[in-house]
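For reference, the structure is listed below as structure tokens.
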Amino acid sequence: MSNTVQIKVPDIGDFKEVEVIEVLVAVGDTIKAEQSLITVESDKASMEIPASQGGVVKSIAVKVGDKVAEGAVVLEVEAAASGAAAAPAAKEAPAKEASAKEAPKAAEAPKQAAAAPAASSFKGSADGEYDVLVLGAGPGGYSAAFRAADLGLSVVLVERYQTLGGVCLNVGCIPSKALLHNAAVIDEARELAAHGISFGEPKIDLDKLRGYKDSVVAKLTGGLAGMAKARKVTVVHGVGEFADPYHLTVKAADGKTQTLRFKQAIIAAGSQSVKLPFMPADDRVVDSTGALLLREVPKKMLIVGGGIIGLEMGTVYSTLGARLDVVEMLDGLMQGADRDLVKVWQKKNAYRFDNIMLKTKTVGAEAKKDGIYVTFEGEGAPKEPQRYDLVLQAVGRSPNGKKIGADRAGIAVTDRGFIEVDRQMRTNVPHIYAIGDIVGQPMLAHKAVHEGHVAAEAAAGQKSFFDARVIPSVAYTDPEVAWVGLTEDEAKKQGIKIEKGVFPWAASGRAIANGRDEGFTKLIFDAETHRILGGSIVGTHAGDLISELALAVEMGADVVDIAKTIHPHPTLGESVGMAAEVAEGVCTDLPPMKKK
Numbered sequence: 003m004s005n006t007v008q009i010k011v012p013d014i015g016d017f018k019e020v021e022v023i024e025v026l027v028a029v030g031d032t033i034k035a036e037q038s039l040i041t042v043e044s045d046k047a048s049m050e051i052p053a054s055q056g057g058v059v060k061s062i063a064v065k066v067g068d069k070v071a072e073g074a075v076v077l078e079v080e081a082a083a084s085g086a087a088a089a090p091a092a093k094e095a096p097a098k099e100a101s102a103k104e105a106p107k108a109a110e111a112p113k114q115a116a117a118a119p120a121a122s123s124f125k126g127s128a129d130g131e132y133d134v135l136v137l138g139a140g141p142g143g144y145s146a147a148f149r150a151a152d153l154g155l156s157v158v159l160v161e162r163y164q165t166l167g168g169v170c171l172n173v174g175c176i177p178s179k180a181l182l183h184n185a186a187v188i189d190e191a192r193e194l195a196a197h198g199i200s201f202g203e204p205k206i207d208l209d210k211l212r213g214y215k216d217s218v219v220a221k222l223t224g225g226l227a228g229m230a231k232a233r234k235v236t237v238v239h240g241v242g243e244f245a246d247p248y249h250l251t252v253k254a255a256d257g258k259t260q261t262l263r264f265k266q267a268i269i270a271a272g273s274q275s276v277k278l279p280f281m282p283a284d285d286r287v288v289d290s291t292g293a294l295l296l297r298e299v300p301k302k303m304l305i306v307g308g309g310i311i312g313l314e315m316g317t318v319y320s321t322l323g324a325r326l327d328v329v330e331m332l333d334g335l336m337q338g339a340d341r342d343l344v345k346v347w348q349k350k351n352a353y354r355f356d357n358i359m360l361k362t363k364t365v366g367a368e369a370k371k372d373g374i375y376v377t378f379e380g381e382g383a384p385k386e387p388q389r390y391d392l393v394l395q396a397v398g399r400s401p402n403g404k405k406i407g408a409d410r411a412g413i414a415v416t417d418r419g420f421i422e423v424d425r426q427m428r429t430n431v432p433h434i435y436a437i438g439d440i441v442g443q444p445m446l447a448h449k450a451v452h453e454g455h456v457a458a459e460a461a462a463g464q465k466s467f468f469d470a471r472v473i474p475s476v477a478y479t480d481p482e483v484a485w486v487g488l489t490e491d492e493a494k495k496q497g498i499k500i501e502k503g504v505f506p507w508a509a510s511g512r513a514i515a516n517g518r519d520e521g522f523t524k525l526i527f528d529a530e531t532h533r534i535l536g537g538s539i540v541g542t543h544a545g546d547l548i549s550e551l552a553l554a555v556e557m558g559a560d561v562v563d564i565a566k567t568i569h570p571h572p573t574l575g576e577s578v579g580m581a582a583e584v585a586e587g588v589c590t591d592l593p594p595m596k597k598k
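The numbers in this note's numbering rise by one with no breaks, and the one at position 527 of the sequence shown is 529.
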């Protein structure tokens with residue numbers, strides 16, 4: 003006998019509606035209880051809606067792009083009275099957070115949308131055996147390795163670079179911030195002329211500037227090597243690929259190989275820059291890694307892609323003397339942030355750009371002796387190809403899931419190269435975990451670190467789960483742009499009723515004293531519960547200030563909690579408390595407000 007059961011969206015916490023961004027099953031699929039059915043997105047993070055009932059999918063009631071709320075029907079299953087696919091009807095588990103009772107058991111693996119390949123079987127001998135192997139030593143990977151070692155497990159850490167730290171420390175986050183710091187000092191020195199303090203134009207020694215950047219990287223990567231040694235973590239340098247579910251083969255730069263056996267593995271293999279296929283192979287066409295080499299300062303530079311990475315590197319090159327063009331397919335730069343924040347940044351940085359080409363595609367490029375000639379199509383496209391001395395490709399990053407021999411380990415990888423995991427970061431192979439860029443957006447180091455801790459603790463048998471409510475984002479431009487949780491633009495799109503408090507830095511004593519009062523702080527609250535849902539900041543040091551808002555969301559703080567928290571004066575941080583006062587209608591640092 004069988005009966006049809008509707009599976010509905012469970013408790014999704016404080017959110018009235020969330021958007022479906024992925025459907026993980028199809029009609030006719032046999033599913034089991036707790037299998038992930040759809041992925042929804044809210045608060046800049048995503049979560050999976052699990053099945054409360056096993057059976058055969060008869061119909062699916064949602065599609066990508068739909069908005070769903072608690073109680074909405076996801077699909078219908080034909081539930082068998084007995085058999086492997088059937089499971090007792092269970093109470094809908096909340097999707098908002100994972101507790102020890104709600105989360106899958108340590109021995110379970112998530113059910114994947116991607117088909118799991120048949121695993122290989124390695125017949126040779128191993129050169130070493132470990133409790134945990136970590137593939138990739140970026141922030142997520144080394145954090146996972148160190149945490150596993152702290153928990154008493156024997157650990158080997160495999161890294162393709164000759165130093166630990168992965169892309170972030172070697173050719174990403176850290177060297178770019180070293181250059182951005184120097185650019186900010188140059189810009190600030192120039193602006194001090196308006197305060198009566200004048201300096202001559204700076205003399206740029208690119209060799210010394212590169213040397214400073216490299217010394218920052220060396221200090222951090224050297225520190226990681228010392229911490230690995232102190233924890234007795236074995237470090238193996240080379241490119242690693244799975245040989246089977248319990249072996250990884252590592253090929254060193256000199257061509258020598260070794261095979262490592264592991265009881266459990268954590269994949270932290272990251273991502274790489276996307277390269278446009280029509281771009282010529284030329285030293286004048288670079289990705290973010292190439293831009294960080296800082297070979298020379300071009301007179302004319304094109305940034306392909308209006309995202310954070312490109313705009314950060316553009317800031318550096320502009321300050322050193324380059325004129326910039328930027329081309330973006332969408333209708334605005336720095337997608338993800340509210341448009342009012344981006345407007346402040348764009349006004350402050352207008353002097354850097356000759357052309358900002360929106361709703362425009364890059365469709366061709368040709369390398370000539372005098373430069374790279376680039377052709378565009380779209381609303382903002384010039385009629386003729388444009389010549390550039392340097393072209394930076396910054397159109398995103400792609401995960402490395404298909405470059406690690408995952409199929410030989412039986413690991414399911416999506417068409418785009420992502421590896422799907424459960425809330426303990428476990429793949430479809432129960433003893434293999436994955437973290438960081440390779441498991442999905444957002445591709446941020448701070449997300450990877452927390453995922454790495456969860457994976458290591460789960461591997462050690464602890465009941466740890468990745469249940470972050472929000473993950474902050476920061477553009478380290480000048481001014482900085484930072485946001486966390488629900489943005490105002492998202493609230494409008496989702497039809498969520500909100501209250502907001504905006505405190506302009508033009509009323510901040512510290513911002514005025516700093517000569518940088520162009521920014522503002524904005525908080526978003528639920529109109530009914532008055533709990534904070536998110537917030538955004540544009541201004542100097544916005545990235546340092548956003549952490550308070552992330553904590554407020556995680557703790558479920560309401561407008562009064564934030565407004566009544568005493569912030570030191572005069573600081574930029576007090577703008578957070580004042581924005582909450584604005585939302586509450588009690589701010590005395592602005593003109594009288596209308597009574598609510």
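The beta carbon of each residue, even a glycine, is placed where N, CA and C say it ideally should be.
Everything numeric in this text was worked out from a predicted model, so none of it was measured.
Please say whether residue j and residue i have beta carbons closer to each other than 9 angstroms?
i    : j    : result
G558 : I548 : no
L304 : M336 : no
R286 : G373 : yes
R192 : G242 : no
S122 : R410 : yes
V27  : L39  : yes
L155 : L166 : no
I500 : A457 : no
V20  : Q55  : no
L77  : Q8   : yes
S200 : L194 : yes
M281 : Q395 : yes
S275 : G419 : no
A185 : L322 : yes
K405 : G142 : no
E72  : D13  : yes
P572 : G511 : yes
A147 : R212 : no
V318 : L222 : no
Looking only at its chain, what residues have a beta carbon closer than 8 angstroms to the beta carbon of residue i, apart from the 5 residues adjacent to it on each side?
i    : result
V173 : S290, T291 and L294
T362 : V329, E330, M331, F378, E379, G380, E381, G382 and A383
A180 : Y214, K215, V218 and V219
E550 : G575 and V578
K60  : T6, V29, L77, E78, V79 and E80
G198 : none
Which residues in the same chain have their Cβ closer than 6 angstroms to the Cβ of residue i, if we skip the five residues on either side of it in sequence?
i    : result
A230 : V237
E99  : Summary for E99: the model assigns pLDDT 37, below 50, so the residue's position carries little reliability; its value from the coordinates is reported in the next sentence. Closer than 6 angstroms at the Cβ level, and outside the excluded window around E99, lie D469.
K34  : G56
G403 : V415, G419, F420, I421 and I440
C589 : M580 and E583
G316 : I305 and L326
Per DSSP, which one or two residues make a beta bridge with residue i?
i    : result
R389 : Y375
R325 : K302
R399 : S275
V58  : T32 and E80
E583 : Per DSSP, none; premise fails for E583.
H249 : D246 and R263
H239 : E161
Y132 : F264
Only counting the same chain, and skipping five residues up and downstream in sequence, which positions put a Cβ closer than 7 angstroms to that of residue i?
i    : result
A582 : G503, L525, V561, I564 and A565
P506 : F522
N357 : D327
V169 : G140 and G272
N5   : A81
F244 : L250, I406, G407, A408, R410 and A411
Tell me, to the nearest whole angstrom, how far the beta carbon of residue i is from that of residue j; I am working on the premise that it is less than 8 angstroms.
i    : j    : result
V268 : I413 : First, the amino acid is wrong: residue 268 is Ile here, not Val. Their Cβ separation, rounded to whole angstroms, is 12 angstroms, which puts I268 and I413 out of contact at 8 angstroms.
L360 : D333 : 6 angstroms
V306 : V393 : 7 angstroms
V441 : A552 : With 8 angstroms as the limit, V441 and A552 do not qualify as a contact, their Cβ atoms being about 20 angstroms apart.
K371 : E520 : In fact, because the Cβ distance is near 42 angstroms, the residues do not count as touching under 8 angstroms.
A74  : K10  : 6 angstroms
V70  : V42  : 7 angstroms
P300 : D391 : 3 angstroms
Would you check whether the ligand COA has a heavy atom nearer than 8 angstroms to the C-beta of residue i?
i    : result
L551 : Ligands are entirely absent from the displayed structure, and the ligand COA is therefore not among its contents.
Looking at C-beta atoms only, is the number of pairs between the segment 259 to 274 and the segment 134 to 152 that lie closer than 8 angstroms three or more?
yes
Sufficient close CB pairs (3 or more, under 8 angstroms) joining the segment 473 to 492 to the segment 537 to 546:
yes
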